[in-house]
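Numbering (mature numbering (1 follows the signal peptide of the UniProt record, and there is no 0)), first residue to last: -18 to -1, 1 to 275.
This is the structure in structure tokens:
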């Protein structure tokens, strides 16, 4: 007759001695690392490894013994350390997380800035790498820009005959009746060149001598204007006729650097002919505009 008896961890099966299978408890989580295993039974071996940027402190493997215990304690994955970040010439550190021992650890970031008149070359931040070194350290250069050139129909304010430092600015202006198009200021860039300069756009002369137009939402008679011209980018609307509907409608046109295109549909009448013709501006205004220029 077959029987099984378990006594102090030993099986007796038909009088034959057989040891019970022992299993070790999973050792736990290895922070910033991994535990490699296939089994957790007696004599099984597990190994440990750390993620990039971390160093293993302790045994790199452990075995499950006959007491169902691991022969080695769970190791620790410690971050790689970097020395105190270097400070380039003409630079300063504007952000650095202090740690014990005056060191930094993997992933720490340092931010730099340059002293006045110096330009930061490359990135402003560096990181502590997995090899224990800092990523590329930036450089602060003494950047100079030549004296800025003027602009057509304009001028540079306080344009001194000297070299200009990085980030210095100059202001531009235009002659009377000209409009500044673009940024009013230009800045000395880290390339040693000036940023984009503005330009001065010319006003537009109005070739029509006699007409009623829309200007800034108001009806204005050109013959009553002191100067028949408008500035760059300003809009003026001329009235055209819809002959089929017997009504008038405004057609806008814009001054673009000295050029004002009069709508083709507009008709100018002389003082005498206007007495016998109803001008478009005097007609009932169209509800919808179907006519084209």
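In this text, a Cβ means the ideal position worked out from N, Cα and C, and glycines have one as well.
Residue i (DSSP reduced to helix, strand or coil)
i           : result
residue 206 : helix
residue -12 : Residue confidence is low: residue -12 scores 37 on pLDDT, short of 50, so the model does not pin down where it sits. No coordinate-derived value is stated.
residue 34  : coil
residue 50  : coil
residue 157 : coil
residue 82  : helix
residue 41  : coil
residue 64  : strand
residue 262 : helix
residue 105 : coil
residue 172 : coil
residue 94  : strand
residue 268 : coil
residue 211 : strand
residue 200 : strand
residue 133 : coil
residue 125 : coil
residue 189 : coil
residue 167 : strand
residue 162 : strand
residue 58  : strand
residue 3   : coil
residue 151 : strand
residue 245 : coil
residue 8   : coil
residue 273 : Bear in mind that the predicted position of residue 273 carries a pLDDT of just 46, short of 50, making it unreliable; the figure below should be weighed with that in mind. Looking at residue 273 - three-state DSSP - the assignment turns out to be coil, as it is neither helix nor strand.
residue 87  : strand
Candidates the options: closest to residue i by CA position
i           : options            : result
residue 96  : 186, 236, 35, 124  : 124
residue 91  : 111, 82, 103, 244  : 111
residue 251 : 219, 190, 9        : 190
residue 28  : 60, 115, 7         : 7
residue 262 : 239, 240, 241, 219 : 219
residue 38  : 44, 52, 59         : 59
residue 11  : 40, 23, 235, 56    : 56
residue 168 : 40, 152, 241, 175  : 152
residue 118 : 52, 102, 165, 216  : 102
residue 36  : 18, 21, 63         : 63
residue 225 : 133, 266, 9, 52    : 266
residue 183 : 222, 115, 212      : 212
residue 192 : 221, 185, 216, 217 : 221
residue 242 : 268, 249, 215, 223 : 215
residue 277 : 259, 207, 34, 268  : What is shown of the chain runs -18 to 275, which leaves residue 277 out entirely.
residue 61  : 239, 115, 129, 127 : 115
residue 128 : 157, 177, 109, 68  : 177
residue 42  : 23, 19, 24         : 19
residue 94  : 82, 108, 83        : 108
residue 23  : 235, 4, 13         : 4
residue 223 : 126, 202, 260, 72  : 260
residue 209 : 188, 100, 66, 200  : 188
residue 126 : 170, 67, 98        : 170
residue 21  : 83, 52, 244, 245   : 52
residue 149 : 156, 175, 131, 141 : 175
residue 237 : 203, 82, 157, 217  : 217
Limits of the beta strand (DSSP E) - the one that residue i falls within
i           : result
residue 18  : 15 to 18
residue 74  : 73 to 77
residue 232 : 229 to 236
residue 218 : 217 to 224
residue 138 : 136 to 139
residue 197 : 194 to 197
residue 117 : Unbroken run through residue 117: none, as it is neither H nor E.
residue 181 : 181 to 183
Integer Cβ distance of residue i from residue j, believed to fall under 8 Å
i           : j           : result
residue 31  : residue 16  : 5 Å
residue 70  : residue 121 : 6 Å
residue 154 : residue 179 : 7 Å
residue 240 : residue 185 : 7 Å
residue 54  : residue 44  : 4 Å
residue 66  : residue 100 : Between residue 100 and residue 66 the Cβ distance is about 22 Å, and since that is not below 8 Å, they are no contact.
Would you call the region 65 to 77 and the region 43 to 56 in contact, with 3 or more CB pairs under 8 Å?
-> no
Would the region 150 to 163 and the region 221 to 234 be scored as touching if the rule is three or more Cβ pairs under 8 Å?
-> No: the two stretches stay apart, fewer than three of their Cβ pairs being nearer than 8 Å.
Touching by the beta-carbon criterion (3+ pairs, under 8 Å), the region 82 to 92 and the region 135 to 144 = no
Report yes or no: do the region 189 to 196 and the region 139 to 159 share at least 3 C-beta pairs separated by less than 8 Å?
-> no
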